[in-house]
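Chemist: Oh and the sequence shown: position 153 is 154 in the numbering used here, straight run, nothing missing. If you scroll down you'll find the structure; I have some questions about it.
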Amino acid sequence: MLDQEIGAGTYKIIIAGPVGAGKTEAIRSLSDKGVVTTEEIASDGVAKMKKTTTVAMDYGVMILESGEQVRLYGTPGQRRFDFMWDILSENALGLLLLLNAEESDPVGDLAYYLESFQPLIKGSALVVGVTHCENAPWDLHQRLSDYLVNHNVAANVSLVDARKREQMQNLVRSLVYMISA
Ligand SMILES: Nc1nc2c(ncn2[C@@H]2O[C@H](COP(=O)(O)OP(=O)(O)OP(=O)(O)O)[C@@H](O)[C@H]2O)c(=O)[nH]1
Ligand SMILES: [Mg+2]
């Protein structure tokens with residue numbers, strides 16, 4: 002796979018979350034090298050939401066100020082491709098979970114992804130970014146943070162826009178900081 006030669010000075014992190022949360026967009030914003038995407042024309046319910054959807058993975062590389070590389074692996078949001086989640090998670094050091102504030106139940110989505118990625122989260126670090134926040138309910142950030150605290154998960158929640166490179170860089174930097182702490 003693409004992570005064959007992972008060694009000192011490289012971090013592998015996973016970007017996961019529901020359809021349309023902005024995982025592919027985040028990798029495009031973050032990557033300092035050409036990105037690999039596997040986007041196909043969306044069908045079924047997803048087509049109502051957006052034109053294309055990730056069917057296998059996204060890949061990009063962010064270079065830190067230290068020269069270290071962060072290899073970014075984006076998962077497909079659609080649950081019918083969830084077999085890719087475990088495959089991509091192998092040897093990963095952290096999870097950047099993107100939630101979409103415009104979904105009907107972002108706290109339910111958080112619960113679902115904590116459960117689905119439990120093996121990765123248990124042995125690594127987690128940060129949560131909430132996208133599409135323009136019209137988010139005022140208490141969404143608090144409800145997500147409370148859920149994490151109540152379930153003994155150490156992770157920060159940030160409101161972000163996946164199209165904004167600097168905001169996404171800050172999320173990745175905080176994840177790398179947690180990994181190396
Ligand atoms: N308004 C707004 N649009 C965003 C934000 N983040 C991402 N988008 C847009 O949302 C759309 C969907 O983003 P994608 O990156 O394709 O979503 P994805 O998470 O990869 O979705 P799947 O591959 O289907 O799982 C794109 O048009 C993005 O530009 C945000 O914070 N605000
Ligand atoms: Mg995608």
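Glycine included, each C-beta is placed from N, C-alpha and C at the ideal position.
Helix or strand or just coil, what does DSSP make of Q70?
Modeler: Working through the sequence shown from its first residue, we reach residue 70 at position 69. In the three-state scheme derived from DSSP, where H, G and I count as helix and E and B as strand, Q70 is classed as strand.
Chemist: With a CB to CB cut of under 7 Å and the five nearest residues on each side skipped, what residues in its chain are close to I64?
Modeler: Against the sequence shown, residue 64 aligns to sequence position 63. If we look at I64 and ignore the five residues flanking it on each side, its Cβ neighbours are D33, Q70.
Chemist: Looking at C-alpha atoms only, which residue of Y60, T53, G21, K49 is the closest neighbour of T38?
Modeler: Within the sequence shown, the letter at position 37 stands for residue 38. Cα-wise, what sits closest to T38 is Y60.
Chemist: Compare the beta carbon distance of I14 and L97 with 9 Å and say whether it is the shorter of the two.
Modeler: Your numbering for residue 14 matches position 13 in the sequence shown. Your numbering for residue 97 matches position 96 in the sequence shown. Going by C-beta atoms, I14 is nearer than 9 Å to L97.
Chemist: Alpha carbons only, please: which of I28, E66, L172 is nearest the one belonging to V129?
Modeler: Locating residue 129 in the sequence shown gives position 128, counting from the first residue. V129 has its Cα closest to that of L172, out of I28, E66, L172.
Chemist: Given that a residue counts as buried once 16 or more other Cβ atoms are within 10 Å of its Cβ, and exposed if not, what is N101?
Modeler: Here residue 101 corresponds to residue number 100 of the sequence shown, with the count starting at 1. Burial call: buried.
Chemist: Go to L111, then tell me how far its alpha helix (DSSP H) extends in each direction, as first and last residue.
Modeler: In the sequence shown, the residue the question calls residue 111 occupies position 110. Run containing L111: 107-117, per the alpha helix (DSSP H) assignment.
Chemist: In angstroms with no decimal places, state the Cα-to-Cα distance between L31 and K24.
Modeler: Reading the sequence shown from its first residue, position 30 is the one you call residue 31. Reading the sequence shown from its first residue, position 23 is the one you call residue 24. In a straight line, the C-alpha of L31 is about 11 Å away from that of K24.
Chemist: Quick one, which of T11, Y113, A27 has its alpha-carbon nearest Y148's?
Modeler: Position 147 of the sequence shown, counting from 1, holds the residue named residue 148. Closest by alpha carbon: Y113.
Chemist: Distance, Cα to Cα, S117 vs I28?
Modeler: For the purposes of this step, residue 117 is identified with residue 116 of the sequence shown, where counting begins at 1. For the purposes of this step, residue 28 is identified with residue 27 of the sequence shown, where counting begins at 1. If you take the alpha carbons of S117 and I28, they lie about 21 Å apart.
Chemist: In terms of DSSP beta bridges, what is K13 paired with?
Modeler: As a first step, residue 13 is located in the sequence shown; it is residue number 12 there, counting from the start. DSSP output for K13 lists R72 as bridge partner(s).
Chemist: For S159, does the three-state DSSP call read helix, strand or coil?
Modeler: Working through the sequence shown from its first residue, we reach residue 159 at position 158. In the structure shown, S159 sits in a strand (DSSP, three-state: E or B).
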